[in-house]
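Taking it in order: structure first as structure tokens, then the write-up.
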Amino acid sequence: MVDTQTTGAEAQPTAEMKIPRISPSIDFATLLGVGGAFAMIAGAMVLSGQAAAFLDIPSILIVIGGTFLVTTVSFSLTEVGQAQGLMFRAAIYHADSPEDAVLQSLYLADLARKRGRLALQTITESLHYAPFLYRAICMVVDGIPADEVERVMSRETEATFERHQRAAGVLRRAGEVAPAMGLIGTLIGLVQMLGSLDDPSTIGPAMAVALLTTFYGAVLANMVFNPLASKLERNAQIESTVCQIYTIGAASISRQENPRRLEMMLNTILPPAERVAYFD
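Residues 62 to 341 (this note's numbering) make up the sequence shown, in order.
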């Protein structure tokens, strides 16, 4: 599990030591759900033999452009931009597993117990993939008291959770605005249609705008914005739990507590079916 070099005394950690790493993985559930739903709708359009009838540029401008601009009224451009970044991340990557976070924390606690807190300094560079854990361990290595570690990292956890909740709120708001913009587009189409009933050639295009804007708004709200908002909220909860685990682990290492006690503490956070037995 760990590579060491012995010199006749107790083995010391080397730069080649590898910490159990949480590798980001693609969230196939989100990709399958969103991609599959769009594929089914596209397939239905193609099978109808009139796929081109579902494309209307004015309707797209009304719904997509209007949804973006009206949503921006409720937030700032920075918040909307951050929400877009988190939205794409939620669609691609899994949130870190609390179970893996517990295993990492116990690994570090066991290493610090056997070789001292300064031994963690040799592996901090391998923690850059997990910025929160990296900062927590660096504070421990620097000798910052456990209470201060808990206070700083808990505040960072709260700030991260609030940022993700704010991004989910942006998507929720967009999910509310998109159908409303579709309704506005429908009214525009109906006004155009009623204003030119004496010219039958204009009734079809006006009705297309009226119906397609409602269609676009419903698709965006129910197939993109609301589902991704729910995924962001779920990921925010999981990430908050992971950060809590790292905070408890770092504070325990700073206090030089027995890793077995840390294992019992961290297992209280996990559901019974996911609890770990690292030292058994």
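By construction, the Cβ of each residue, glycine as well, lies at the ideal position given by its N, Cα and C atoms. Just so you know, these numbers come straight off a predicted model, no measurement behind them.
Under the DSSP assignment, Q226 falls in the alpha helix (DSSP H) whose first and last residues are 207–256. The continuous alpha helix (DSSP H) containing L138 extends over residues 138–153. DSSP places I87 within a strand segment (E or B) once states are collapsed to three.
Here E335 really is in contact with E160; their C-beta atoms are around 5 Å apart, less than 8 Å. The continuous alpha helix (DSSP H) containing F276 extends over residues 264–281. Here I306 carries a helix assignment [DSSP, helix/strand/coil]. DSSP, reduced to helix, strand and coil, places E318 outside both helices and strands of the structure shown, so it counts as coil.
Under the three-state reduction of DSSP, I299 is assigned to helix. The beta carbon of N287 sits closer than 8 Å to the beta carbons of L232, R233, G236 from its chain, once the five residues preceding and following it are set aside; these are given in chain order.
In terms of Cα proximity to L172, the closest of I314, E324, M325, L331 is I314. Per the C-alpha coordinates, the member of L147, Q143, E140 positioned closest to S291 is L147. Taking all protein chains in view, the Cβ of E209 is surrounded by fewer than 16 other Cβ atoms within 10 Å, so the residue is classified as exposed.
Counting the other CB atoms within 10 Å of its CB gives D157 a total of 16 or more, which places it among the buried residues. At least 7 Å separates the beta-carbon of V124 from that of Y307.
Rounded to the nearest angstrom, the gap between the Cα atoms of L92 and A98 is 10 Å. R336 sits in coil when the DSSP states are folded into three classes, being neither helix nor strand.
With three or more CB-CB distances shorter than 8 Å, the segment 166–185 counts as touching the segment 195–209. Here the alpha carbon of R295 sits roughly 50 Å from the alpha carbon of S262. Annotation for P159: the continuous alpha helix (DSSP H) segment containing it runs 159–176. If you look at V201, you'll find it in the alpha helix (DSSP H) that goes 192–202. A straight-line Cα-Cα distance of about 54 Å links G110 and V163. L281 is a Cβ neighbour of A239, given a cutoff of 7 Å.
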